[in-house]
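Student: What follows is a single structure, and I will ask about it in a moment.
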Amino acid sequence: MYYLCFLSLLAEYRSYIWHKLSCLFVLLFFLRRLRALIFSFLSFYMETIELKVDMVALHEKRVRKCLSKVKGIEKVEVEASIQKVTVTGYANRNKILKALRRVGLRAECWSPQNEILSAYATGTLMFNNFNFF
Numbered sequence: 001m002y003y004l005c006f007l008s009l010l011a012e013y014r015s016y017i018w019h020k021l022s023c024l025f026v027l028l029f030f031l032r033r034l035r036a037l038i039f040s041f042l043s044f045y046m047e048t049i050e051l052k053v054d055m056v057a058l059h060e061k062r063v064r065k066c067l068s069k070v071k072g073i074e075k076v077e078v079e080a081s082i083q084k085v086t087v088t089g090y091a092n093r094n095k096i097l098k099a100l101r102r103v104g105l106r107a108e109c110w111s112p113q114n115e116i117l118s119a120y121a122t123g124t125l126m127f128n129n130f131n132f133f
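According to the UniProt record's numbering, the stretch in the sequence shown is residues 1 to 133, in order.
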């Protein structure tokens, strides 16, 4: 008799524990998804991103207008002569690239090689205050 009573209590307690654990697992799953979502869309520190955008002087206004609509951007500097855009803010690099491509401009991350090539093309390559061109 006591054994059957104990088994019935154990079965009820086991279902109660199972219910609580399943609720806990579901909650942890959604919290992990939420954390991943927040970290993928937000940048917690201000950074400066340099981009090479294929444009002419006429596109400068379009670049500024496009990037002003992206949340988290503090400052945009456009140098149309060397096709360089410098963005300062909390926005993610991929969001900025996607916004520029949506407008129809080809954009990629700026590399030191681009700087040397653009200096060579414009004739302003300087090392240690000596002009080579």
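We treat Cβ as the ideally placed atom computed from N, Cα and C, and that holds for glycine.
Keep in mind it's a predicted model, so treat the numbers as computed, not measured.
Per the DSSP calculation, C23 is bridged to which residue(s)?
Tutor: Along the sequence shown, read from residue 1 onward, the residue named residue 23 stands at position 23. Paired residue(s): none; C23 is not in a bridge.
Student: Contact defined as beta carbons within less than 8 angstroms: I believe I49 pairs with R106. What is the distance between those atoms, to the nearest angstrom?
Tutor: Reading the sequence shown from its first residue, position 49 is the one you call residue 49. Reading the sequence shown from its first residue, position 106 is the one you call residue 106. So it is not a contact: roughly 16 angstroms between Cβ atoms.
Student: Out of curiosity, what's the CA-to-CA distance linking K98 and L24?
Tutor: Here residue 98 refers to the residue found at position 98 when the sequence shown is read from its first residue. Here residue 24 refers to the residue found at position 24 when the sequence shown is read from its first residue. The straight-line gap separating the alpha-carbon atoms of K98 and L24 is approximately 37 angstroms.
Student: Buried or exposed: where does V78 fall if 16 or more other Cβ atoms within 10 Å of its Cβ makes it buried?
Tutor: Here residue 78 refers to the residue found at position 78 of the sequence shown. Its Cβ being crowded by 16 or more others within 10 Å, V78 is buried.
Student: Under 9 angstroms between the Cβ atoms of L51 and C109?
Tutor: Counted from its first residue, the sequence shown places residue 51 at position 51. Counted from its first residue, the sequence shown places residue 109 at position 109. Yes. Within cutoff.
Student: Tell me whether L105 sits in a helix, a strand or coil according to DSSP, three-state version.
Tutor: As a first step, residue 105 is located in the sequence shown; it is residue number 105 there, counting from the start. Of the three classes helix, strand and coil, the one that applies to L105 here is coil, per DSSP.
Student: Of the choices K69, A57, I96, whose alpha-carbon is the least far from that of I82?
Tutor: Locating residue 82 in the sequence shown gives position 82, where the first residue counts as 1. Measuring from the Cα of I82, the nearest candidate turns out to be A57.
Student: Taking 8 angstroms as the limit between beta carbons, can you name the residues of its chain near D54, skipping five residues before and five after?
Tutor: Within the sequence shown, residue 54 is the residue found at index 54, counting from 1. Within the same chain, D54 has close Cβ partners Q83, L105, R106, A107.
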